[in-house]
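>
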Amino acid sequence: MRLLWQIYTSFFRIGLFTIGGGYAMLPMFQKEIIDKRGWIAQDRLLDIYAASQSLPGAIAFNASTFIGTIVAGVPGAIAASLGIATPSITIIMLIAEFVSKVMDIPVVEYALRGMSAAVVALIIHAAMRIGIRSTRTPIALALALISLVLVAFVRVNSVRIIVTAILCGVAYAWWTYKRDKLA
Amino acid sequence: MLISAMLVFIKVGALTVGGGLAMIPLLQDEIVSRGWISLTEFTHMISIAEMTPGPIIVNLATFVGYRLGGALGAIACTFAVMLPSFAIVTLLSSLLFAHKDNPYVSRVFSIVRPVVVGLIGGAGINLGSQILRAENGYGLQFAGIDLVAAFIFASTLLLLWKTDSHPVQALMIGAALGLLLFGITGG
Numbered sequence: 001m002r003l004l005w006q007i008y009t010s011f012f013r014i015g016l017f018t019i020g021g022g023y024a025m026l027p028m029f030q031k032e033i034i035d036k037r038g039w040i041a042q043d044r045l046l047d048i049y050a051a052s053q054s055l056p057g058a059i060a061f062n063a064s065t066f067i068g069t070i071v072a073g074v075p076g077a078i079a080a081s082l083g084i085a086t087p088s089i090t091i092i093m094l095i096a097e098f099v100s101k102v103m104d105i106p107v108v109e110y111a112l113r114g115m116s117a118a119v120v121a122l123i124i125h126a127a128m129r130i131g132i133r134s135t136r137t138p139i140a141l142a143l144a145l146i147s148l149v150l151v152a153f154v155r156v157n158s159v160r161i162i163v164t165a166i167l168c169g170v171a172y173a174w175w176t177y178k179r180d181k182l183a
Numbered sequence: 184m185l186i187s188a189m190l191v192f193i194k195v196g197a198l199t200v201g202g203g204l205a206m207i208p209l210l211q212d213e214i215v216s217r218g219w220i221s222l223t224e225f226t227h228m229i230s231i232a233e234m235t236p237g238p239i240i241v242n243l244a245t246f247v248g249y250r251l252g253g254a255l256g257a258i259a260c261t262f263a264v265m266l267p268s269f270a271i272v273t274l275l276s277s278l279l280f281a282h283k284d285n286p287y288v289s290r291v292f293s294i295v296r297p298v299v300v301g302l303i304g305g306a307g308i309n310l311g312s313q314i315l316r317a318e319n320g321y322g323l324q325f326a327g328i329d330l331v332a333a334f335i336f337a338s339t340l341l342l343l344w345k346t347d348s349h350p351v352q353a354l355m356i357g358a359a360l361g362l363l364l365f366g367i368t369g370g
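First to last, the protein sequences are chains A and B. Per my numbering, residue 1 is the first one in the first sequence, and the count goes up by one each step. Per my numbering, residue 184 is the first one in the second sequence, and the count goes up by one each step.
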């Protein structure tokens with residue numbers, strides 16, 4: 001019980017003190033999980049991060065569930081997940097209530113409109129940054145462009161696009177597996 | 184509605200590969216196009232989710248859930264979005280380490296990853312075409328484009344590209360420019 005409480009409070013702090021999600025959380029994990037508690041080894045954290053990136057869901061949240069499982073099994077995973085989500089839920093609910101009340105004040109509206117334009121820049125920048133890393137081959141670049149056109153101009157639902165991509169990926173992997181077995 | 188919202192978030196949680204921003208095209212298709220939340224409000228939610236502590240996915244799910252069904256909705260949607268990754272990670276944690284470097288697994292991602300990049304870019308274009316569009320009769324505009332919004336977009340994009348600054352910093356600059364420029368031009 002004591003261990004679960006420690007897990008909960010450690011992840012509560014991680015959730016509370018990191019802004020921006022994903023990679024911004026790595027230094028906090030380092031401090032809380034390795035330096036303070038010594039629950040896992042340094043190399044393990046990087047492995048966990050790498051695995052968390054390729055799984056569905058938030059990177060930080062996957063990493064928390066991973067670490068919770070390693071430290072104390074499924075109860076540990078539950079404690080870690082609850083810990084990392086508690087600050088978000090509390091803070092966002094307070095803000096959600098507040099924002100709808102002040103949204104029509106011109107000063108707030110101007111700031112929000114400025115932020116909206118910046119959000120578009122953030123999203124495009126993220127696509128460009130990840131794009132440079134993950135579209136090194138002509139085929140990858142073509143896949144990225146096709147999905148961009150489908151979602152932005154043809155207006156295909158992105159759920160369909162991603163499910164199709166996963167099925168194609170599995171089919172491709174299966175095909176190479178068969179080929180390697182024959183060879 | 185709350186049940187369908189939870190189903191949407193389970194779906195989004197299961198299909199979001201590559202972190203917070205990859206969730207945006209999915210949510211836009213599932214929530215904005217159903218008319219549950221307006222695009223303007225959705226964009227504000229993204230700003231706030233980026234600027235507040237915690238994982239962006241959790242923040243967004245809480246926000247949308249709260250708007251759809253109060254505190255209960257917030258908790259339900261957050262739970263729903265976390266469920267798929269929780270199940271996958273706890274069930275497969277030992278297996279995953281064994282197969283992390285498996286070439287077949289990485290081949291699946293060699294297809295999925297570029298597609299996700301395209302989805303994020305497409306979501307940016309979709310959102311941008313709405314946010315940067317001028318409303319008739321208001322503020323500075325040219326050829327149907329809101330010039331102030333376009334300027335803020337271009338300068339924050341340049342800043343992010345050149346300096347790789349933190350998203351929160353970019354949003355703060357966007358807010359400051361918005362206050363200043365929309366204030367001067369009268370929105």
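Note that the Cβ used here is the ideal one computed from N, Cα and C, for glycine as well.
Within this structure, are the beta carbons of Ile-240 of chain B and Thr-199 of chain B separated by less than 8 Å?
On the second sequence, position 57 is the one that residue 240 of chain B refers to. On the second sequence, position 16 is the one that residue 199 of chain B refers to. Yes, the pair counts as a contact, with Cβ atoms nearer than the cut-off.
> With distances taken Cα to Cα, identify the nearest neighbour of Gln-352 of chain B among A:Val-156, A:Val-102, A:Leu-122 and A:Ile-161.
Within the second sequence, numbered from 1, the residue matching residue 352 of chain B stands at position 169. Taking only the C-alpha atoms, the option nearest Gln-352 of chain B is A:Leu-122.
> Indicate whether Thr-174 of chain B and Ile-89 of chain A have their beta-carbon atoms separated by less than 8 Å.
Nothing about residue 174 of chain B can be read from this structure; chain B reaches only from 184 to 370.
> Is Phe-325 of chain B buried or exposed, if buried means 16 or more other CB atoms sit within 10 Å of its CB?
On the second sequence, residue 325 of chain B is found 142 positions in, with the first residue counted as 1. Per the 10 Å Cβ criterion, exposed.
> For Gly-304 of chain B, count neighbouring Cβ atoms within 10 angstroms of its own Cβ and tell me buried if that reaches 16, exposed if not.
Against the second sequence, residue 304 of chain B aligns to sequence position 121. Burial call: buried.
> Please say whether Ile-7 of chain A and Gly-76 of chain A have beta carbons closer to each other than 8 Å?
Here residue 76 of chain A is taken as the residue at index 76 of the first sequence, counted from 1. Here residue 7 of chain A is taken as the residue at index 7 of the first sequence, counted from 1. Cβ distance < 8 Å, so Gly-76 of chain A and Ile-7 of chain A count as in contact.
> Compare the C-alpha of Leu-163 of chain B against each of B:Ile-214, B:Ile-207 and B:Ala-205 and name the closest.
An answer regarding residue 163 of chain B cannot be provided, because it is not within the stretch 184 to 370 covered by chain B.
> Counting only C-beta atoms, is Arg-316 of chain B closer than 8 Å to chain A at any point?
Within the second sequence, numbered from 1, the residue matching residue 316 of chain B stands at position 133. Cβ-Cβ to chain A under 8 Å: no for Arg-316 of chain B.
> Check whether the region 162-182 of chain A touches the region 249-269 of chain B, taking contact to mean three or more Cβ pairs, one atom from each stretch, closer than 8 Å.
No, they do not touch.
> Taking buried to mean at least 16 other C-beta atoms within 10 Å of its own C-beta, is Arg-179 of chain A buried or exposed?
Against the first sequence, residue 179 of chain A aligns to sequence position 179. Classification for Arg-179 of chain A: exposed.
> Which residues in chain B sit within 8 Å of Met-93 of chain A, going by Cβ to Cβ distance?
Position 93 of the first sequence holds residue 93 of chain A. Those are Thr-245, Tyr-249, Ala-254 and Ala-257, listed as they occur along chain B.
> So for Phe-153 of chain A, helix, strand or coil by DSSP?
Mapped onto the first sequence, residue 153 of chain A falls at position 153. In the structure shown, Phe-153 of chain A sits in coil (DSSP, three-state: anything other than H, G, I, E or B).
> Between B:Pro-350, B:Gly-322 and B:Leu-315, which has its C-alpha nearest Ile-335 of chain B's C-alpha?
Mapped onto the second sequence, residue 335 of chain B falls at position 152. Considering only alpha carbons, the answer is B:Leu-315.
> Check each candidate in A:Ile-78, A:Leu-141, A:Ile-48 and A:Met-103 and name the one with the smallest Cα separation from Ser-277 of chain B.
In the second sequence, counting from the first residue as 1, residue 277 of chain B sits at position 94. Closest by alpha carbon: A:Ile-48.
> Would you report the Cα separation of Gly-131 of chain A and Met-1 of chain A, rounded to the nearest angstrom?
Counting from 1 along the first sequence, the entry for residue 131 of chain A is found at position 131. Counting from 1 along the first sequence, the entry for residue 1 of chain A is found at position 1. Looking at the two C-alpha atoms, the distance is approximately 45 Å.
> Can a CB atom of chain A be found closer than 8 Å to the CB of Thr-346 of chain B?
Your numbering for residue 346 of chain B matches position 163 in the second sequence. Cβ-Cβ to chain A under 8 Å: no for Thr-346 of chain B.
> Could you please give me the residues that DSSP links to Asp-329 of chain B through a beta bridge?
Numbered from 1 along the second sequence, position 146 holds the residue referred to as residue 329 of chain B. Beta-bridge pairing links Asp-329 of chain B to B:Gln-324.
> Determine contact between the region 12-21 of chain A and the region 235-254 of chain B, defined as no fewer than three beta-carbon pairs at a distance below 8 Å.
Segments in contact, yes.
> Where does the unbroken alpha helix (DSSP H) through Gly-76 of chain A begin, and where does it stop?
Sequence index remark: in the first sequence, residue 76 of chain A carries index 76 (1-based). That run of the alpha helix (DSSP H) goes 59-102.
> Pair every Cβ in the region 289-305 of chain B with every Cβ in the region 82-102 of chain A, then say whether three or more of these pairs are closer than 8 Å.
No, the region 289-305 of chain B does not touch the region 82-102 of chain A.
> Can you pull the chain A residues whose beta carbon is under 8 Å from the beta carbon of Met-234 of chain B, in chain order?
Counting from one through the second sequence, the residue named residue 234 of chain B turns up at place 51. What Met-234 of chain B touches in chain A: Ile-19.
> Mind listing the chain B neighbours of Ile-89 of chain A? Cutoff is C-beta to C-beta under 7 Å, in chain order.
Here residue 89 of chain A is taken as the residue at index 89 of the first sequence, counted from 1. Within 7 Å Cβ-Cβ: Thr-245, Ala-257, Ile-258 and Thr-261.
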